[in-house]
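**Q** First residue of the sequence shown: 477, per our numbering; consecutive thereafter.
Ideal Cβ placement from N, Cα and C applies to all residues, glycine included.
The model shown is predicted, which means the values in this text are computed figures rather than measured ones.
Following this message is one structure expressed as structure tokens.
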Amino acid sequence: MKAKILCADIPTGDIYRQLCSLCGQDTQILTAGDGHEALRLLKLHGSSVRLAIFNTLLPVMDGVSLCRNIRKSERWQTLPVVLVGDNEKEREASLEAGCTEYLSRPCSKAKLSEILDKALCLVWDESEARTRDQLSILVVDDTKQVRTVVRRFLTSQNYKVEEAESGEDMNRMLKLEIPDIIILDIMLPKEDGLTILRRLKQNPDTKEIPVIIVSGLGEVEIVAQALEDGAADYLTKPICSKRLTARVKNCHDTLKLRRLEREQKAVLEEKNVFLQRRVQRQMEHLKKSHHGTIFCLSKLAESRDPETGEHLERLQEYCRAICHALLDAGHFAETLSEHFIENLAAASPLHDIGKVGIPDAVLLKPGRLTPEEFDIMKTHAQLGADTLMAASEHCGNNPLIEMGIEIAQFHHEKWDGSGYPTGLSGDSIPLSARILALGDVYDALTSKRVYKDAFSHEKSRDIIVEGRGQHFDPKVVDAFLAVEDEFRRIRETFSDPVTPEVLAV
477 MKAKILCADI PTGDIYRQLC SLCGQDTQIL TAGDGHEALR LLKLHGSSVR LAIFNTLLPV
537 MDGVSLCRNI RKSERWQTLP VVLVGDNEKE REASLEAGCT EYLSRPCSKA KLSEILDKAL
597 CLVWDESEAR TRDQLSILVV DDTKQVRTVV RRFLTSQNYK VEEAESGEDM NRMLKLEIPD
657 IIILDIMLPK EDGLTILRRL KQNPDTKEIP VIIVSGLGEV EIVAQALEDG AADYLTKPIC
717 SKRLTARVKN CHDTLKLRRL EREQKAVLEE KNVFLQRRVQ RQMEHLKKSH HGTIFCLSKL
777 AESRDPETGE HLERLQEYCR AICHALLDAG HFAETLSEHF IENLAAASPL HDIGKVGIPD
837 AVLLKPGRLT PEEFDIMKTH AQLGADTLMA ASEHCGNNPL IEMGIEIAQF HHEKWDGSGY
897 PTGLSGDSIP LSARILALGD VYDALTSKRV YKDAFSHEKS RDIIVEGRGQ HFDPKVVDAF
957 LAVEDEFRRI RETFSDPVTP EVLAV
């Protein structure tokens with residue numbers, strides 16, 4: 477059973493919009509445009525309403541008056557009622573009317589979320605807080621004398637009794653309040669009791685109401701049909717007070733068991749929802765912390781090669797852009813899930829983590845490397861993979877670290893097999909490394925180095941196109957060409973800081 481929130485707001489208000497953004501599918505929002513409608517919905521939906529939020533400026537009956545009316549009933553003493561207004565005088569009046577909390581406009585989304593969490597995880601110690609203080613019974617009979625006798629007797633037993641003389645009259649009363657038990661005469665004018673019973677059992681709002689049918693002595697077949705159609709019990713005329721008491725008590729006991737079961741189920745569901753939200757928030761926090769740690773470690777490695785500047789930030793965005801372009805082209809749909817894309821972006825800063833193990837004389841050499849020095853530099857790919865493999869032994873099965881191992885080890889492999897460290901070719905190179913390789917090369921080409929100036933986007937693009945099918949996966953190159961304007965924008969957004977030497981030129 478869904479927890480329900482009653483929201484009464486004016487057309488220009490934003491309470492409903494904010495609630496929709498905060499509530500999940502486990503919560504139903506009941507909406508009202510004025511105080512009278514809100515009161516009707518509250519009576520109709522009963523104890524399933526877990527929180528009420530009203531604008532103080534409601535028409536017909538303002539929010540403060542509505543709250544005051546609700547608090548007059550013992551039934552709603554424990555219902556959390558939040559009023560939303562915009563001045564201190566309203567605050568005082570709202571609190572005096574019995575509201576649980578007063579919020580000033582515009583509502584803080586964080587505060588509203590906190591109130592929702594409290595309301596949806598709240599468990600009252602007394603089950604009476606969620607049930608009616610007095611059982612309500614609706615007697616439907618076209619004979620006034622029968623209604624009067626039943627009413628007088630049940631009222632003396634501390635039941636709340638309402639009367640209806642026809643199915644039409646009953647329908648009107650059901651719109652105002654749902655009773656706990658219905659005592660229904662089987663032989664009514666215009667519409668017989670069996671038809672009414674079937675309609676009650678087909679309506680989600682009334683199908684669980686126990687219905688006691690009342691029949692004449694010779695109506696055995698009709699009684700049997702009524703019981704088959706969902707009637708809880710039956711009485712025969714003339715009605716015996718002892719039998720009436722017994723039938724109502726049986727229904728009352730059944731009702732209490734049903735309510736208790738629903739309450740316990742609702743409490744468990746609400747606890748689960750609350751815990752899921754907390755776990756989700758904790759997971760998001762851990763995810764951000766994890767990604768932040770990876771980024772800091774990568775920055776530490778990058779700090780030994782200061783010319784790379786904003787390289788890590790750009791590379792993350794390049795990887796995302798290529799992945800989405802591949803998907804748009806219909807490639808690798810079975811691999812390029814949102815989870816894969818985000819893991820690739822998050823792990824991309826680890827691609828050169830192995831440079832920590834390269835001697836400064838090689839890593840920081842101001843000029844081109846000799847063949848011997850380049851052989852030393854090439855070891856950074858395997859060094860990075862080995863470092864992350866050692867880390868994975870302590871992390872267990874971590875998709876982010878696994879992705880980091882792939883791109884660290886294989887991002888210098890080439891499509892034609894002429895790359896390093898293992899000479900993989902074609903599809904045997906992990907897709908993550910093929911994607912990152914192009915982004916890494918593009919960034920190196922468009923960045924200034926001590927041994928070269930930054931190439932233009934156009935020249936860098938031409939070099940990458942020349943490497944299609946040799947250095948790079950052809951599909952990855954095509955994806956790059958589809959989003960080359962986005963690459964240019966990323967390059968401009970995360971441009972390297974201007975150094976004093978550049979300023980002096």
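#1: Let me know if Ile-481 comes out buried or exposed under the rule of 16 or more other beta-carbons within 10 Å of its beta-carbon.
#2: Where does Arg-844 sit, in a helix, a strand or coil, going by DSSP?
#3: Quick one, are the C-beta atoms of Leu-673 and Thr-682 less than 8 Å apart?
#4: Within a Cβ cutoff of 7 Å, which residues of the same chain sit near Arg-493, ignoring the five residues on either side of it in sequence?
#5: So, are the CB atoms of Ile-662 and Ile-698 less than 8 Å apart?
#6: Mapping DSSP to helix, strand and coil, what is Asp-919?
#7: Output the boundary residues of the alpha helix (DSSP H) element that contains Tyr-492.
#8: In the DSSP assignment, the beta strand (DSSP E) including Gly-561 goes from what residue to what residue?
#9: Where do the N-terminal and C-terminal ends of the beta strand (DSSP E) with Ala-508 fall, by residue?
#10: State the beta-bridge partners of Phe-530 as determined by DSSP.
#11: Do you know whose CA, among Cys-795, Ala-708, Thr-532, lies nearest Phe-982's CA?
#12: What do you get for Arg-648, buried or exposed, if any count of 16 or more other CB atoms within 10 angstroms of its CB means buried?
#13: To the nearest angstrom, report how far apart Thr-712 and Val-724 are at their CA atoms.
#14: According to DSSP, Tyr-710 sits in a beta bridge with which residue or residues?
#15: Per the DSSP calculation, Asp-929 is bridged to which residue(s)?
#16: Taking just the CA atoms, how far does Thr-969 sit from Gly-899?
#17: State the start and end residues of the unbroken alpha helix (DSSP H) segment that holds Thr-517.
#18: Quick check: the Cα distance between Asp-949 and Glu-889, rounded to an integer number of angstroms?
#19: Between the Cα of Gly-706 and those of Phe-931, Thr-671, Gln-633, spot the shortest distance and give me the residue it belongs to.
#20: What residue range is occupied by the uninterrupted beta strand (DSSP E) comprising Tyr-578?
#21: Could you tell me whether the Cβ atoms of Asp-593 and Glu-786 are closer together than 8 Å?
#22: Please determine, among Ser-570, Val-743, Glu-641, Phe-530, the residue with the shortest C-alpha to C-alpha distance to Pro-487.
#23: For the putative contact between Ala-573 and Arg-544, defined by C-beta atoms under 8 Å, what is the C-beta separation to the nearest angstrom?
#24: How big is the Cα-Cα spacing for Val-599 and Glu-737?
#25: How big is the Cα-Cα spacing for Lys-841 and Pro-897?
#26: For Pro-665, count neighbouring C-beta atoms within 10 Å of its own C-beta (all shown protein chains included) and say buried if the count is 16 or more, exposed if not.
#27: Just to confirm, are Leu-912 and Ser-813 a CB contact at a threshold of 8 Å?
#28: The beta strand (DSSP E) that contains Leu-614, what's its start and end?
#29: Going by beta carbon distance, what residues of the same chain come within less than 8 Å of Leu-506, once the five residues before and after it are set aside?
#30: Give the straight-line distance between the Cα atoms of Met-865 and Ile-881, rounded to the nearest whole angstrom.
#31: Among Cys-583, Leu-533, Thr-576, Glu-848, whose alpha-carbon lies nearest the alpha-carbon of Leu-495?
#32: Is DSSP giving Val-637 helix, strand or coil here?
#33: Give me the Cα-Cα distance between Cys-727 and Tyr-578, rounded to the nearest whole angstrom.
#34: With the cut-off set at 8 Å, would you say Ala-702 and Tyr-710 are in Cβ contact?
#35: Tell me, which residues are paired with Leu-660 by DSSP?
#36: Could you pull out every residue in the same chain whose Cβ sits closer than 7 Å to the Cβ of Ala-514, ignoring the five residues on either side in sequence?
**A** Put simply:
#1: Its Cβ being crowded by 16 or more others within 10 Å, Ile-481 is buried.
#2: For Arg-844, the three-state secondary structure derived from DSSP is coil.
#3: no
#4: A distance below 7 Å between beta-carbons, with the five flanking residues on each side excluded, links Arg-493 to no residue of its chain.
#5: yes
#6: Asp-919 sits in a helix when the DSSP states are folded into three classes.
#7: 491-498
#8: 557-561
#9: 503-508
#10: Ala-484, Leu-559
#11: The question about residue 982 has no answer here: the residues shown for the chain are numbered 477 through 981.
#12: exposed
#13: 14 Å
#14: Answer is Ile-689, bridged to Tyr-710.
#15: Paired residues: none, contrary to the question.
#16: 35 Å
#17: In the sequence as presented, Thr is not what sits at residue 517; that position holds Leu. Taken as a continuous stretch (DSSP letters only), the alpha helix (DSSP H) holding Leu-517 covers 511-521.
#18: So the alpha carbons of these two residues sit roughly 11 Å apart.
#19: Thr-671
#20: 577-580
#21: no
#22: Here the closest residue by C-alpha is Phe-530.
#23: 4 Å
#24: Here the model assigns Val-599 a pLDDT of 36, short of 50, so the residue's position is not dependable, and the following value carries that caveat. The straight-line gap from Cα to Cα measures roughly 14 Å.
#25: 22 Å
#26: Exposed: under 16 other Cβ atoms inside 10 Å.
#27: no
#28: 612-616
#29: In its chain, beyond the 5 residues on either side, Lys-480, Ile-481, Leu-482, Cys-483, Leu-517, His-521, Val-525 have a beta carbon closer than 8 Å to the beta carbon of Leu-506.
#30: 7 Å
#31: Cys-583
#32: strand
#33: Taking the straight line joining both Cα atoms gives about 41 Å.
#34: Closer than 8 Å, so yes.
#35: Val-616, Ile-689
#36: If you ignore the 5 residues before and after Ala-514, its C-beta comes within less than 7 Å of the C-beta of Leu-482, Ala-484, Ala-508, Phe-530, Leu-542, all in its own chain and listed in chain order.
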